[in-house]
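Counting the sequence shown from 1 gives a position; the numbering used here is that position plus 190. Structure, as structure tokens:
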Amino acid sequence: QKELHYVPGHDGMVHLFEWKWHDIADECERFLGPMGFGGVQVSPIQENVIVGSRPWWERYQPISYKWYTRSGTPDEFREMVRRCNNAGVRIYVDVVFNHMTGDHDNAKGTGGTTADTHGFSYPGVPYSQYDFHYPPCAINNYQDPANVRNCELVGLHDLDQSKEYVREKIVNFLNEAVDAGVAGFRVDAAKHMWPEDLKTIFSRLKNLNPEHHFPSDARPYIVQEVIDYGGEAISKYEYNSFGAVTEFRYGMEISNSLNGNNPLKWFVNWGEAWGLLPSQDALVFIDNHDTQRGNPNILTYKSSKLYKMAVAFMLAHPYGTARIMSSFKFDTFDANPPQDSVGNLLSPTINPDDTCGNGWVCEHRWRQIYNMVRFRNAANNTDVNNWWDNGQNQIAFCRGNAGFIAINGDKYDLKQTLFTCVEPGTYCDVISGNLENNKCTGKVVTVDQDRKAYIEIPLNQEDGVLAIHRGAKV
Ligand code: LM2
Ligand code: CA
């Protein structure tokens with residue numbers, strides 16, 4: 191269950207964090223489909239407890255499996271999936287079934303469901319004390335797998351997925367989403383569940399719904415969130431035989447290098463040789479919704495030049511299934527998503543230059559990023575070849591003869607004549623510009639008969655990347 195079932199000619203997943211279903215449907219039709227994105231990871235669809243200050247993280251506290259959230263209603267969800275699939279863009283749902291809520295007095299959900307959280311009673315499912323690891327214990331020892339999997343993560347009441355009844359509720363919840371036409375799931379807190387239980391649950395999922403342009407017998411894509419930087423008792427390799435796994439080392443290593451702690455030249459053998467999962471098992475990303483606010487070592491939209499270099503490298507490199515983070519602006523960990531005075535989520539506004547307003551960052555709409563999605567599509571099924579580096583932080587490589595990228599991570603200009611692999615001709619650098627009416631609004635790169643070109647990435651320019659591919663010839 192590692193196949194994404196992207197539509198041919200589409201690649202790259204974007205996490206539209208906290209977006210409303212109706213807005214995602216619009217985005218699929220007006221932007222993601224035309225730009226060749228493969229899919230969207232959407233925020234949790236199950237009803238969550240309302241936390242007074244309405245932080246984003248209330249959505250990680252389920253109160254029932256009904257599809258009522260701040261993102262919309264069940265009908266709006268189904269309509270979004272239908273419209274996105276028609277636009278060639280797949281939907282992957284963030285599913286939270288390791289736990290229910292923490293303790294709240296008079297707990298009430300986004301769909302009106304109530305629960306006695308202190309008594310471990312969730313009539314909306316229904317779950318009772320018997321369905322949880324009870325009496326509760328706290329996760330406090332990451333060297334002990336039983337503690338990590340059978341105790342409570344930050345006080346969230348921990349379901350027992352070894353119970354047949356609990357499995358059945360979870361499987362039904364997931365299969366309803368399959369019926370609606372989703373292509374797969376991001377499994378929250380997978381490290382906190384036993385691999386055997388997950389394997390059993392995933393084996394009971396239906397095949398993808400053929401009414402939504404999936405091949406027959408297609409299995410749902412599964413990516414399990416297992417945070418494994420090494421040094422703990424639980425390993426990502428316990429999970430990757432039956433589904434894909436989030437590869438947290440990916441963004442960590444790239445951020446670390448671009449932050450100046452490890453020369454970029456070492457990325458010549460980037461992939462499994464670095465202790466990463468096999469490529470087809472790995473979901474890769476620079477930042478996610480947790481690391482962007484909780485991990486100061488990870489690059490985010492806030493350091494935009496370095497961040498665009500990181501994302502460009504990720505999208506140019508064939509290793510892994512790439513996911514792009516699309517954020518809302520925030521200052522503090524708890525900061526709300528864009529919302530009105532009574533807590534309704536706001537829609538993004540779209541500026542004339544394609545960027546977003548209303549508090550939404552929309553990294554996926556930055557030219558340097560969406561053009562690298564196109565690059566990734568143009569380079570589909572090719573390898574890294576003709577790697578070049580200056581012995582430090584200036585690197586360049588080809589993808590077959592489909593595309594060429596150069597990155598300047600040094601504190602001085604890159605000025606080099608390099609072998610580009612692409613056929614002779616005039617190319618538009620898709621980082622500094624767009625190809626509009628056969629004219630390039632950015633740097634133009636002339637590839638000579640020997641497939642060489644003069645490449646320049648001065649330190650003082652907006653971007654530290656240059657990229658050309660066969661889909662953007664002037
Ligand atoms: C995840 N992956 O395994 C999510 O990616 C992550 O965003 C979730 O944490 C976490 N697991 C649980 O699903 C977030 C947030 C936490 C927050 C929880 C639950 O990072 O801070 O915890 O969601 O909403 C909050 C409070 C915490 C409190 C807890 C229970 O911050 O202080 O603990 O609720 O009430 C007493
Ligand atoms: Ca657990």
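Here a beta-carbon is modelled for each residue, glycine too, at the ideal position from N, C-alpha and C. All values derive from a computational prediction rather than experimental measurement.
{"Asked": "Would you report the Cα separation of L395 and D369, rounded to the nearest angstrom?", "Found": "10 Å"}
{"Asked": "When you compare only the Cα positions, how much space is there between A569 and P224?", "Found": "17 Å"}
{"Asked": "Excluding the 5 residues preceding and the 5 following R273 in the sequence, name in chain order all residues of the same chain whose CB lies nearer than 7 Å to its CB.", "Found": "A215, C218 and E219"}
{"Asked": "Is the closest heavy atom of ligand 1 to the C-beta of L346 under 7 Å?", "Found": "yes"}
{"Asked": "Quick one: grab the DSSP three-state call for T481.", "Found": "helix"}
{"Asked": "Tell whether a beta-carbon distance below 8 Å holds between S469 and Y509.", "Found": "yes"}
{"Asked": "Please return the same chain residues whose Cβ sits closer than 7 Å to the Cβ of T616, not counting the five positions on each side in sequence.", "Found": "V634, T636, K663 and V664"}
{"Asked": "Drop a sphere of 10 angstroms on the beta-carbon of V474, count the other beta-carbons inside from all chains shown, and report buried for 16 or more, exposed for fewer.", "Found": "buried"}
{"Asked": "Rounded to a whole number of angstroms, what is the C-alpha to C-alpha distance between Y320 and G371?", "Found": "33 Å"}
{"Asked": "Exposed or buried, which one is A163 when buried takes at least 16 other CB atoms within 10 Å?", "Found": "Here the chain comprises residues numbered 191 to 664, so residue 163 is not present and cannot be evaluated."}
{"Asked": "Answer yes or no: the CB of L625 versus the heavy atoms of ligand 1, is any distance below 7 Å?", "Found": "no"}
{"Asked": "Check each candidate in E415, H382 and I360 and name the one with the smallest Cα separation from T390.", "Found": "I360"}
{"Asked": "Under the rule that 16 or more other beta-carbon atoms within 10 Å means buried, what is T511, buried or exposed?", "Found": "buried"}
{"Asked": "Quick one: what's got a C-beta closer than 7 Å to G441's C-beta in the same chain, skipping five residues either side?", "Found": "F475, I476, D477, T481 and I488"}
{"Asked": "Cβ-heavy atom distance between A379 and ligand 1 below 7 Å?", "Found": "yes"}
{"Asked": "For the region 288-299 against the region 558-572, do three or more pairs of beta-carbon atoms, one drawn from each stretch, fall closer than 8 Å, so that the two count as touching?", "Found": "no"}
{"Asked": "Grab me the residues of S503's own chain with a C-beta within less than 7 Å of its C-beta, minus the 5 sequence neighbours each way, in chain order.", "Found": "The residue asked about is misnamed: residue 503 is Phe in this sequence, not Ser. Once the five neighbours on either side are set aside, the close Cβ partners of F503 are I444 and I597."}
{"Asked": "Against chain C, with Cβ distances strictly below 8 Å, would R280 count as a contact?", "Found": "Checking the listed chains, one finds no chain C in this structure; it contains a single protein chain."}
{"Asked": "Do H212 and G262 have their C-beta atoms within less than 8 Å of each other?", "Found": "yes"}
{"Asked": "Any chance the CB of E462 is under 7 Å from a heavy atom of ligand 1?", "Found": "no"}
{"Asked": "Nearer than 7 Å: is that true of the beta carbon of H308 relative to any heavy atom of ligand 4?", "Found": "For ligand 4, the structure offers nothing, since it holds only ligand 1 and ligand 2."}
{"Asked": "Note down the Cα distance separating V551 from F523, rounded to an integer number of angstroms.", "Found": "16 Å"}
{"Asked": "W173: buried (16+ other C-beta within 10 angstroms of its C-beta) or exposed?", "Found": "Lying outside 191 to 664, the shown extent of the chain, residue 173 is not represented and no answer is given."}
{"Asked": "Taking the alpha-carbon positions, what's the F392 to V285 distance?", "Found": "12 Å"}
{"Asked": "To the nearest angstrom, how far is it from the Cα of S531 to the Cα of N541?", "Found": "23 Å"}
{"Asked": "Following the continuous alpha helix (DSSP H) through K359, name the residue where it begins and the one where it ends.", "Found": "E354 to A370"}
{"Asked": "Under 7 Å from any heavy atom of ligand 2, does the C-beta of R220 make it?", "Found": "no"}
{"Asked": "Cβ of F520 within 8 Å of Cβ of R483?", "Found": "yes"}
{"Asked": "May I ask you to report which of helix, strand or coil DSSP gives G593?", "Found": "strand"}
{"Asked": "Throw me the rounded Cβ distance for the E237 and T303 pair, which I believe falls under 8 Å.", "Found": "6 Å"}
{"Asked": "For the pair the region 371-390 and the region 421-440, tell me if three or more CB-CB distances fall below 8 Å.", "Found": "yes"}
{"Asked": "Going by DSSP, what residue range makes up the alpha helix (DSSP H) through R272?", "Found": "P264 to N276"}
{"Asked": "Alpha carbon to alpha carbon, how far is L343 from G242? Give it in angstroms, no decimals.", "Found": "21 Å"}
{"Asked": "Name the two residues that bound the continuous beta strand (DSSP E) containing F375.", "Found": "G374 to V377"}
{"Asked": "Along the chain, where does the alpha helix (DSSP H) containing Y560 start, and where does it finish?", "Found": "R557 to A568"}
{"Asked": "If you compare alpha carbons, which of G226, V416, E358 and Y282 is closest to I559?", "Found": "G226"}
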